[in-house]
Amino acid sequence: MRLHRLDVTAFGPFGGTQSVDFDALSAAGLFLLHGPTGAGKTSVLDAVCYALYGTVPGARQTGQGLTLRSDHAEATARTEIRLELTVTGRRLEITRQPPWERPKKGKRQGTTVDKAQTWLREYDATAGVWKDLSRSHQEVGEEITQLLGMSREQFCQVVLLPQGDFARFLRADAGARGQLLGRLFDTQRFAEVEKRLAERRRTTEAQVRDGDSALLADAHRMQQEAGDAMELPELTPGEPGLADAVLGAAAVARSTARERLTVAHCRLTAAESAQFAADRALAGVRELARLQGRFAEARQRAVRLEERAGAHREAQARMERGRKAAAVAPALELREAAEAGHRRAAAAEARARTLLPETFAGAGAAGLATAARRVTEELGGLESARRAERRLAEVVEERGRLDRQERDDEDVLREADGWLADWDATRAELQSRIDTAQEAATRAEQLAVQREPARRRLAAARLRDELGQDTDEAQRTALASARRAADAREHWLDLKEQRLTGIAAELAAQLTAGEPCAVCGATEHPAPAEKFAGHIDGEAEQRAEAAFQRADAQRAQDERGLGTVREALAAATAEAGDASTAQLASQADELEQEYTRVRRAASALHPAQEELRLAGQERERRLAGRQQAEVRAAARLTRREGIDAEQASLEEELAAVRGSAASVAVRAGQLERQLALLTDAADTARAAEDTARHLKDADARLADAAYRAGFETPQAAAAAHLDDTAHRELQRRLDDWQSEEAAVRAVLAEADTAAAAQQPPADLDTAERTAAAADRRLRDAASARDRAARSCAELDRLSAHASAGVRRLAPLREEYDRVARLAGLTAGTSADNERKMRLESYVLAARLEQVAAAATVRLRRMSSGRYTLVHSDDRSGRGRSGLGLHVVDAWTGRERDTATLSGGETFFASLALALGLADVVTDEAGGVRLDTLFIDEGFGSLDDQTLDEVLDVLDSLRERDRSVGIVSHVADLRRRIHAQLEVVKGRSGSALRQRS
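The opening position of the sequence shown corresponds to residue 17 in the numbering used here, with each subsequent residue numbered one higher.
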């Protein structure tokens, strides 16, 4: 990497635009960057770093880049850094503009923030022009990092050598050195290996612990089943020997459980025999107690039968009288029915007579019937009067209908006269609307003809604008295709020329001993040509030619596409004319709005015509209605006179007939109610006379039946009569007594019951307690046997489960042991790692050893062969080893700590270390050549001789075509170094002065 030019504007202390020509400064190989404190020497290095990576080194990078702007810059000047450099043979130009808080434009108050901008360009030496590569922050950053092969941190440590940082690095402990070296050499992958191994160890350890926990859980469950027959091992999950201890204890528990099961079987057999004997004895005692109780109960029932013997005999006599009274029952029922019918008829007659006038109170059935016939004759005389009354109602209704028709016709005439009076004005208004709508329709037809051309011109204008953009894009595409085709053709011709140059070797490869040469015909080939490195064969040339043909075809296609777009653009321009799209759009909108307005006005033509037609029809209808109303009025006058005469005649006739009643219908209703009452009273009187005769006949038949049955009076026969319910109840009582008597005699006659009564009373309580105790012992024995069997089965199941778990866990335990050993070894905690060195530290120690070797080459020259830097992997105190750094003093032959060096010795040792680290990091980054380096401060601590030696070492860097920039305040350096870049400090900002 070589820097060519740097331009900064409004950056840091530089208020205006300042430029640095690194080509002129680098010509001498060694140049000095000096100036007073605070002038901005470091800002020049910050500008280089910001141009490459978009950030400045270390703690100076704050905010979003807004703090990089110079306070001396004008408000309208934007901060900008432009760096021109060469990397891996490519000359690039990077321009960066950090975010900028600028005043708002126009008359608006306040400020606004413009986003950061980035440009990357590459110089095309063939064409002699700069080509744009990218304007993306991310793409530019990735491209620069890939070309340099270094991150920002590595660049700041390798190119912008911070002497103060390496002095601290020289004296730092292993941890601080590890952090810096880790950032520079990107050893994060080794730390990730350590982390992955540690995570794998924790994972497998957790899995082993989970497996052991499950095994211990099975052991606890087995202990719960086995009780005191099993003792758990005093081990925790993860400890060795846990599985064997658990399986051994499980085997002992299973053996003890089987012994307990055998004992439980024996106890159960003995309990079953004892329980059978107790049950048999209890059954005998229960049978004896049952027979004794049966005999005692029978004796008590016999005593109760003797006590109820008198009541039984009375019931038998009552049953006998009931059988005699059954013969008198039909006569009794007949007499009761006749008496009930007579009472009902007498009550009905009394109710009917209470509704009659007092004049009929003493009349008999015949008198009431005669009065009813007279009322019937009077009702027959009212039928003619009813017809006259109905006709009168019809006449009155018709008279009212004529009056209503007269009022309706008067309303029709009045409304028709009013509407017809406004007819002329209505017709004139509708005709005016029709004329206006017709004019609008004519205007709409004219505008419709103009709409389509306006639309076509607007569409053509829009197509013209789109094709203008497409033409630019097609032109750029065609130019790019032409460049690619030219490059492909040049590449093909180059390969062809190279092949022709080495065609002799290609022909020599086809020679065969003894066969003639295709060129000279000789059969001997003493010195055939050989292919040189990078020889081009026919296949490579054909591929290059095919690539050129494809590129040329693509170029022709893109040029045809460009011609097509240009033709379309010309056609669209001819159609649209010179007017702009906005003007054509405005004209089309105005035309469309006018067309819409007149169309809306023309749409009222048909409704207005229809309204005029309907108004004419309404006029004819109202004229006809007025004429018809006048005809109906004349006809009603004649009809009203006839109705009035008929109404007067009917009213006179009805007044003579209805008397004091309100109407003939009211009078007829009075007579009809009177007829109904007389008829009902006559019927009830005849019914009462009939029921009295039937009651007298029933009394005679009842007296005769009672005498024949043996009763003195009918009342005695009625008292002895039993209804169905009483007869069934009495018969049941007699049957129950007889059944009970037979059952008692049968029990007392049983031989075994009588024999049991002669024995002592049975002791049932004692027998039941004995049987219950035997049953309880049997259940306890069965429960004990079941528990022992379940315990054996559960212990077998748990043991099998534990054995399977141990087998499954064995591979995982082996993996855990292997991973734990590796994790401990890489983490530096294993006993096998004697120096307690982590894997990342081991890798960094190798890098540090390379850095110390590279630094020693320059340190020996700077110290006149006295000092040598060596890497030490000794442990410091209780810490880990691997990143120690010592200096060997050739004068004393002893190795001592770098902290014992003096100030000047520390400076050139740090400088040597920085240069060595730069070489190692450069090689690590892929061998990117670093042609420009900067060293920041520290030269003031050297004496003249040492300063000369250090400058000689730096000047020797020119042998590798490097240029070194020294940043220092030392005045003597201005005399020794002729190429200088001075930073001048002023009130309006700093400025740069360059001297080559």
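Just so you know, even glycine gets a beta-carbon here, dropped at the ideal spot from N, CA and C.
Query: Leu794 in three-state terms, based on DSSP; Result: helix
Query: Beta-carbon separation (whole angstroms), Glu856 vs Thr203, contact threshold 8 Å; Result: 5 Å
Query: Contiguous alpha helix (DSSP H) assignments of at least 4 residues, all confined to the stretch 194-278; Result: 204-242
Query: Residues sharing a beta bridge with Lys147, DSSP; Result: Glu138
Query: Spatially closest choice to Leu929 from Arg910, Phe292, Arg876, Glu591, by CA coordinates; Result: Arg876
Query: Reference Ala341; option with closest CA among Thr580, Thr908, Ala504, Ala734; Result: Ala734
Query: Asp720 to Gly726 span [Cα, whole Å]; Result: 11 Å
Query: Ala314 versus Ala343: straight-line alpha-carbon distance, rounded; Result: 42 Å
Query: Boundaries (first-last residue) of the beta strand (DSSP E) holding Asp905; Result: 900-905
Query: Proximal residues to Arg459 (C-beta, below 7 Å), its chain only, five neighbours per side dropped; Result: Val614
Query: Start-to-end residues for the beta strand (DSSP E) that takes in Gly32; Result: 30-37
Query: Burial state of Phe950, where buried means 16 or more other Cβ atoms lie within 10 Å; Result: buried
Query: N-terminal and C-terminal residue of the alpha helix (DSSP H) that Ser755 is part of; Result: 740-764
Query: Buried versus exposed call for Val268 [16 or more other C-beta atoms within 10 Å across all chains shown]; Result: exposed
Query: Best match in Asp791, Val411, Gly641 for proximity to Ser665 [C-alpha to C-alpha]; Result: Val411
Query: Ala839 versus Leu860: straight-line alpha-carbon distance, rounded; Result: 18 Å
Query: Per-residue DSSP class, three states only, for Glu998; Result: strand
Query: Pick from Asp419, Ala432, Leu600, Ala820 that is closest to Arg471, judged by C-alpha positions; Result: Leu600
Query: Those residues which DSSP pairs with Glu117 across a bridge; Result: Val129
Query: Helix, strand or coil at Val156 [DSSP, three-state]; Result: helix
Query: Spatial distance of Gly264 from Pro827 (CA atoms); Result: 21 Å
Query: 8 Å contact criterion, which His994 and Ala40 should meet: CB distance rounded; Result: Actually they do not touch by this definition, with Cβ atoms about 12 Å apart.
Query: Nearest-angstrom beta carbon gap, Leu46 and Val980 [assumed within contact, 8 Å]; Result: 5 Å
Query: CB-CB length for Phe27 against Thr92, believed under 8 Å; Result: With 8 Å as the limit, Phe27 and Thr92 do not qualify as a contact, their Cβ atoms being about 16 Å apart.
Query: Under the three-state DSSP convention, the category Thr654 falls into; Result: helix
Query: For Ile993, the three-state DSSP class (helix, strand or coil); Result: coil
Query: Residues bridged to Phe171 [DSSP beta-bridge criterion]; Result: Per DSSP, none; premise fails for Phe171.
Query: Ala714 burial status per 10 Å Cβ neighbour count (16 or more: buried); Result: buried
Query: Arg571 versus Glu591 - alpha carbon distance; Result: 30 Å
Query: Pair within 8 Å by beta-carbon distance, Gln1018 and Leu628; Result: Since the first residue of the chain shown is 17 and the last is 1012, residue 1018 is not available in this structure.
Query: Other residues of its chain near Ala502: CB distance less than 8 Å, five sequence neighbours each side excluded; Result: none
Query: From Thr493, Pro730, Ala453, Leu348, residue whose alpha carbon lies closest to that of Arg616; Result: Ala453
Query: Beta-carbon proximity check, Thr104 vs Val835, cutoff 8 Å; Result: no
Query: Distance between His710 and Ala364 (C-alpha atoms, nearest Å); Result: 17 Å
Query: Beta strand (DSSP E) segment containing Glu100, residue limits; Result: 96-103
Query: Collapsed DSSP secondary structure at Ser799 in the structure displayed; Result: helix
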